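**Student:**
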Amino acid sequence: MPSTNPIRETQINNRLDQIHRRLSQIADIEAEAAPFKGIGSNGEFDPERQRLIEETDRLLDELQGITGSPKYRPAP
180 MPSTNPIRET
190 QINNRLDQIH
200 RRLSQIADIE
210 AEAAPFKGIG
220 SNGEFDPERQ
230 RLIEETDRLL
240 DELQGITGSP
250 KYRPAP
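What follows is the structure in structure tokens.
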């Protein structure tokens with residue numbers, strides 16, 4: 180049975196929001212850079228993206244342990 184920890188749940192959701200925003204920024208930068216071969220068009224953000232995805236997986240696993248299911252919804 181999952182434990183409840185509303186403070187940690189809030190912290191996780193806040194961090195997931197930050198990650199979501201950063202991944203969106205990276206996607207935008209890469210999309211803008213692609214036609215001009217600018218920064219971001221050659222995979223410069225791949226290591227950061229991978230790290231953020233791995234962190235997201237860990238946080239969602241932790242959130243599932245707290246709430247019973249990952250209930251993350253990106254902030255509007």
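Note that the sequence shown covers residues 180 to 255 in my numbering. Virtual Cβ for every residue (Gly too), placed ideally from N, Cα, C. Owing to the predicted nature of the structure, the values given are computational and were not obtained by experimental measurement.
Can you list, in chain order, the residues of its chain whose CB lies under 8 Å from that of residue 211, leaving out five sequence neighbours each side?
**Tutor:** For the purposes of this step, residue 211 is taken as residue 32 along the sequence shown, with counting starting at 1. Cβ within range, chain order: 217, 219.
**Student:** Around the Cβ of residue 215, are there at least 16 other Cβ atoms within 10 angstroms (buried) or fewer (exposed)?
**Tutor:** In the sequence shown, residue 215 corresponds to position 36, counting from 1. With fewer than 16 Cβ atoms within 10 Å of its Cβ, residue 215 is classed as exposed.
**Student:** Residues in its own chain within less than 7 Å of residue 184 by CB, not counting five upstream and five downstream?
**Tutor:** As a first step, residue 184 is located in the sequence shown; it is residue number 5 there, counting from the start. Once the five neighbours on either side are set aside, the close Cβ partners of residue 184 are 245.
**Student:** Can you give me the start and stop residues for the alpha helix (DSSP H) that residue 299 sits inside?
**Tutor:** In the structure as shown, the chain begins at 180 and stops at 255. Residue 299 is therefore absent and cannot be evaluated.
**Student:** Within a Cβ cutoff of 7 Å, which residues of the same chain sit near residue 188, ignoring the five residues on either side of it in sequence?
**Tutor:** Translated into the one-based positions of the sequence shown, residue 188 becomes position 9. Answer for residue 188: 242, 245, 246, listed in chain order.
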